[in-house]
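Numbering (UniProt numbering), first residue to last: 1 to 445.
Glycine included, every Cβ here is placed at the ideal spot set by N, Cα and C.
Shown next, in C-alpha cells, is the structure this report addresses.
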Amino acid sequence: MDMQYYLSKIFENNKIEEDLYARYDVKRGLRNANGTGVVVGLTRVGDVHGYIMDEGERVPVDGKLYYRGIDVEMLVKHAQQENRYGYEEAVYLLMFGNLPTRSELDAFTRYLGEKRALPDNFAEDSIMKAPSPNIMNKLARSVLACYAYDPNPEDLSPGNVLRQCLELIARFPTIVAYSYMAKKHYYDRESLFIHTPAANGSTAETLLSLIRPDQKFTRLEAEVLDLALIIHAEHGGGNNSTFAVRVITSTDTDTYSAIAAGVGSLKGNKHGGANIKVMGMMENIKASVKDWSDEEEVAAYLARLLKGEAYDRTGLIYGQGHAVYTLSDPRATLLRSKAEELAAEKGFEKEFQLYRTIEHLVPTVFQQVKGSTKPICTNVDFYSGFVYQMLGIPEELFTPLFAISRVAGWCAHRMEEIVAGGRIIRPANKCVQPRLAYVPLAERG
1 MDMQYYLSKI FENNKIEEDL YARYDVKRGL RNANGTGVVV GLTRVGDVHG YIMDEGERVP
61 VDGKLYYRGI DVEMLVKHAQ QENRYGYEEA VYLLMFGNLP TRSELDAFTR YLGEKRALPD
121 NFAEDSIMKA PSPNIMNKLA RSVLACYAYD PNPEDLSPGN VLRQCLELIA RFPTIVAYSY
181 MAKKHYYDRE SLFIHTPAAN GSTAETLLSL IRPDQKFTRL EAEVLDLALI IHAEHGGGNN
241 STFAVRVITS TDTDTYSAIA AGVGSLKGNK HGGANIKVMG MMENIKASVK DWSDEEEVAA
301 YLARLLKGEA YDRTGLIYGQ GHAVYTLSDP RATLLRSKAE ELAAEKGFEK EFQLYRTIEH
361 LVPTVFQQVK GSTKPICTNV DFYSGFVYQM LGIPEELFTP LFAISRVAGW CAHRMEEIVA
421 GGRIIRPANK CVQPRLAYVP LAERG
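Quick look at the structure:
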C-alpha cells in the first residue's frame, strides 16, 4: 500500500475552504466572531471572569476565578493564613457546593486518604505489566481499567457515581506516581521504587512522597504544590477537557469512560501540555540571551520570537495571553508569589527575575511588533512549569499533575450533568460536500 498516495487523498478530500465558515456563520472552535465562547450550557460549579461586554465590545478587567461562587483567592488566602493545605477544601467545595465545617473537612480528608491505595493487584496487573512511556496515556488506560475492579461500574445513580468520583480523585496521585515509577524502571532502566500511600497526608504531601525515593520534602514544597493543585482544580465548564467530560457524560456512559475522555483531552499540547512549551521556550531564551538582566537584550529576543525568527518559529511567546483573561490571570498572580518564595529557598532567584522581566516586557514588545494595543496578560502556564522544575518534578509529570488537580472539576461537572443535564449534547455540522453519483466498479478509471 502506497501510504503517501492515500495520504494525498486524505488532504484532498478533507480540505474545507476558509470562506465557507463565514458563509454559514460557523462558530469555529465554538467561538463567536469577537472571540467570546459560544454559550452551550449552564453550570453552578465554576466561573471564569476575564472581561465585561459593553455594547458588543469586550472591556478588559482583572481576572477572577470562582469555585461555586467563592473567589479562589479567598480559598488560598485563608488556607495560607491558617497554615493548612487547601486542595481538599477546594475539592469538597466543588463536589458538594458549599464550604465544609472543620469536622466535615477533617472527615473528608481522612476519606480521601483511606481511598488512595489501589485495589488489590491493580498496580501489578494494570500498571507494572503494561507500562507506558507517556504518563498521561497510562493514566487514561488506568482509569478505564478501574471499571474492571468496580463491583458496580454501570450504575448511574448519583450515589454510585459520587462514590466512583471520590475514589478516582483519591487514586489519581497514586496511579500517576506508580505509572511514573514504572516508566522510569522499564523505559529508563532505573531502580524501581514503589511506596504505599499514607492514609493521613494531603494530596500534595502524598504525591511528593510517592515520587521521591526517600519520600522527603519540605513544608514549603508541599505548600507550593498544594497551591498549584488548588488553582488548577476547575476552570469553568467550557474548557476543552471539562466540556469533553460533560459531552461523554450526557450519553449516559460510565464514569470511567467519561473521566478517561477528560484525561485524553488534557494530554494535548494546546491544553494541559502548554507549560511544557513554556519550559522549552525559557531554556532557549536562557541559552540565547547573554545578559538576563539587560532588558534591551531580552526585549530584542522576544521580538524575534514574535516574528517567528527564533525557538520553534511559531511566532508565539508561550505563557502569554489567554482566551478569557485580559488584564490578569488570577492563577498566575497567586503562583508567582509562591514561586518567588520557593526561588529564594532553592537558589533560583536569577531565573525568577528573568521570568518577571519577560512578563514586564511582553506587552510593549507585542505592541511594537504586532502594532496591537490588545492587553496581553501572563497566564498560569508561564509559572507552573518553573515551579515544578524548582520542586524537582520531571517534565513528564507536568501534565499528569494538572490531571491530579483537574479531576475534581471533571467529577463535579459530571455530577452536575447527571443531576441537571438530561439531554445528549449534539451540536450540528453543516455538510459542504457536493452530491456525487455512484459509479459502478467496472466503470471506474
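query	result
Would residue 272 pass as a contact of residue 402 if the rule is Cβ separation under 8 Å?	yes
Do the CB positions of residue 410 and residue 259 come within less than 8 Å of each other?	yes
Please list, in chain order, all residues of the same chain as residue 470 whose beta carbon is under 6 Å from its beta carbon, the five residues on each side excluded.	Any question about residue 470 goes unanswered here, given that the chain covers just 1 to 445.
Spatial neighbours of residue 63 within its chain, please: CB distance less than 6 Å, with the 5 preceding and 5 following residues excluded, ordered by chain position.	50, 325, 328, 329 and 330
Judging by CA-CA distance, which residue of 389, 31, 56 and 160 is the nearest neighbour of residue 342?	389
Is there contact here, the segment 421-440 with the segment 159-171, by at least three beta-carbon pairs under 8 Å?	no
Return the CA-CA distance between residue 106 and residue 367, expressed in angstroms with no decimal places.	50 Å
For residue 98, does the count of other Cβ atoms within 10 angstroms reach 16, so buried, or fall short, so exposed?	exposed
Within the continuous alpha helix (DSSP H) that includes residue 186, where are the two ends?	158-186
Could you compute how far the alpha carbon of residue 101 sits from the alpha carbon of residue 69?	17 Å
So, with DSSP's three-state summary, where would you put residue 197?	coil
Does the distance from the C-beta atom of residue 250 to that of residue 423 stay below 8 Å?	yes
How many Å lie between residue 27 and residue 201 at the Cα?	46 Å
What residues are listed by DSSP as bridge partners for residue 190?	Looking at the DSSP assignment, residue 190 forms no beta bridge with any residue, so it has no partner.
Please report the distance separating the alpha-carbon of residue 243 from that of residue 31.	14 Å
Which of the three DSSP states is assigned to residue 1 in this structure?	coil
Counting C-beta neighbours from all protein chains within 10 Å, is the total for residue 20 16 or more, i.e. buried, or is it exposed?	exposed
What are the uninterrupted segments assigned as beta strand (DSSP E) that are 3 or more residues long and contained completely in the segment 27-110, given in chain order?	46-54 and 57-67
Ordered along the chain, which non-local residues of its own chain (more than five positions away) have a Cβ less than 8 Å from that of residue 152?	160
Residue 174: buried (16+ other C-beta within 10 angstroms of its C-beta) or exposed?	buried
Determine, using beta carbons only, whether residue 332 and residue 365 come nearer to each other than 8 Å.	no
Would you call the segment 229-245 in contact with the segment 349-362, where contact means no fewer than 3 C-beta pairs closer than 8 Å?	no
Beta-carbon within less than 8 Å of residue 346's beta-carbon, same chain only, minus the 5 sequence neighbours each way: which residues are those?	390
Kindly identify the DSSP beta-bridge partner or partners of residue 378.	320
Would you decide whether residue 415 is buried or exposed? Buried here means 16 or more other CB atoms lie within 10 Å of its CB.	buried
If you draw a straight line from the alpha carbon of residue 190 to that of residue 184, how long is it in whole angstroms?	6 Å
Consult DSSP for residue 372 and reduce its assignment to one of helix, strand or coil.	coil
If we ignore side chains and look at the alpha-carbon of each, how far apart do residue 187 and residue 94 end up?	37 Å
Can you tell me whether DSSP reads residue 293 as helix, strand or coil?	coil
For residue 250, which of helix, strand or coil comes out of DSSP?	coil
By the 10 Å Cβ neighbour count, where 16 or more other Cβ atoms means buried, how is residue 291 classified, buried or exposed?	exposed
At which residues does the alpha helix (DSSP H) containing residue 134 begin and terminate?	Run containing residue 134: none; DSSP gives neither H nor E here.
Using 8 Å for Cβ pairs, my map puts residue 179 next to residue 135. What's the rounded Cβ distance?	5 Å
Output the distance between the C-alpha atoms of residue 227 and residue 270, rounded to the nearest integer angstrom.	23 Å
I'd like the list of long-range same chain contacts for residue 378, defined as Cβ closer than 7 Å, with 5 residues on each side in sequence excluded.	319, 320, 329, 332 and 359
Below 6 Å CB to CB, which residues in the same chain sit around residue 262 once its five sequence neighbours on both sides are set aside?	241, 244, 245 and 410
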